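Student: First the structure, then my questions, so here it is.
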Amino acid sequence: MKIGVLIEDHFDQTEYCAFNSWFPAQGIEVEYLSHLWGLESLTFGSNPDDGTVEEHVTVTAEVATADPADYAGIILIGAYAMDRLRYQTEIAGPGARNTAPAVEFLRRAVAAPGLPIGTICHSLWLFCADPDLLHGRRVTCAHNIVCDVENAGGIVEYDGRSTADLVIDGDLVSARHPEVTDRFMAAFLAQITSRAERVGTPS
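Numbering-wise, the numbering used here comes out as the position in the sequence shown, counting from 1, plus 6.
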């Protein structure tokens, strides 16, 4: 099976390193997608933790033309990458829908029957670009985007004075923070494995 991971500059390197080691060990191929702005490839860097960009990824898969049906599941990586992917060069006017290529891809992914989608930390920001995608969904996220998620209609679940570590709402798997990446990956694997057993593995 193959999963698609949306990525841009300022991605979370903890998640990136975990995805690259754990999923292949389970027999799952990881393909990174982004908007390439007409280029054959682009290289993105991780968050500059301690002032140093330690991880880089070169992406050749264009999200604007990607088909969600080619993947067993889609993950939106954490940190600030999803905020960058919802950028639009032009806006049609008040109330106009966001037409950034990654947002359009997310609409296609959400519309794909039963396709698991995973978000972690800040990555629900991409969902917030179109509240219709998030309204009424039970989720968790980083503390500092709770207001964004709730204003977009998401139902944030809490655990005491924190957002919940992990929430599964149908085909949507969300996690609070990179520190729960291991639990997130295990839950996401269970989702894509279950779907593959029901409908067959994507080619």
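Note that the Cβ used here is the ideal one computed from N, Cα and C, for glycine as well. Because the structure is a prediction, the values reported are computed rather than measured.
Rounded to a whole number of angstroms, what is the C-alpha to C-alpha distance between Gly33 and Ala98?
Tutor: So the alpha carbons of these two residues sit roughly 43 Å apart.
Student: For Ile161, which beta-bridge partners are listed by DSSP?
Tutor: Note: Ile161 sits in a beta bridge opposite Arg144.
Student: Look at the alpha carbon of Met4 and the alpha carbon of Glu37, and state the distance between them as a whole number of angstroms.
Tutor: Summary: the structure shown does not reach residue 4, with the chain confined to residues 7 through 209, and so no result is reported for it.
Student: Just reading off the beta strand (DSSP E) that Ser52 is part of, what are its end residues?
Tutor: Run containing Ser52: none; DSSP gives neither H nor E here.
Student: Between which two residues does the beta strand (DSSP E) holding Tyr38 run?
Tutor: It spans Glu35 to Ser40 - the beta strand (DSSP E) in which Tyr38 sits, taken as one unbroken run.
Student: Quick one: is Trp43 buried, meaning 16 or more other Cβ sit within 10 Å of its Cβ, or exposed?
Tutor: Exposed, because fewer than 16 other Cβ atoms sit within 10 Å of the Cβ of Trp43.
Student: Out of Phe17, Val11, Asp18 and Gly124, point me to the one whose CA is closest to Ile180's CA.
Tutor: Reading the sequence as shown, one finds Ser at residue 180 and not Ile. Residue Gly124 is the option with its Cα nearest to Ser180.
Student: Roughly how far, in whole angstroms, is the beta-carbon of Tyr77 from the beta-carbon of Ile9, given that I think they are within contact range, below 8 Å?
Tutor: Contact holds; Cβ gap of about 6 Å.
Student: According to DSSP, is Glu110 part of a helix, a strand, or is it coil?
Tutor: Looking at Glu110 - three-state DSSP - the assignment turns out to be helix.
Student: Within this structure, are the beta carbons of Ala148 and Gly84 separated by less than 9 Å?
Tutor: Yes; because the gap between Cβ atoms is below 9 Å, this pair is in contact.
Student: Does Ala102 come out as helix, strand or coil in the three-state DSSP assignment?
Tutor: Correct three-state label for Ala102: coil.
Student: Considering Ser271, what are the terminal residues of the alpha helix (DSSP H) in which it resides?
Tutor: Outside the shown range of the chain, which is 7 to 209, sits residue 271, and nothing can be said about it.
Student: Would DSSP call Ile151 helix, strand or coil?
Tutor: In this structure, Ile151 counts as helix in the three-state DSSP scheme.
Student: What number of angstroms, rounded off, separates the C-alpha of Leu39 from the C-alpha of Ile151?
Tutor: Approximately 23 Å, taken between the alpha carbons.
Student: Work out the CA separation of Pro184 and Ala67 for me, nearest whole Å.
Tutor: Taking the straight line joining both Cα atoms gives about 25 Å.
Student: Give the straight-line distance between the Cα atoms of Leu48 and Thr64, rounded to the nearest whole angstrom.
Tutor: If you take the alpha carbons of Leu48 and Thr64, they lie about 6 Å apart.
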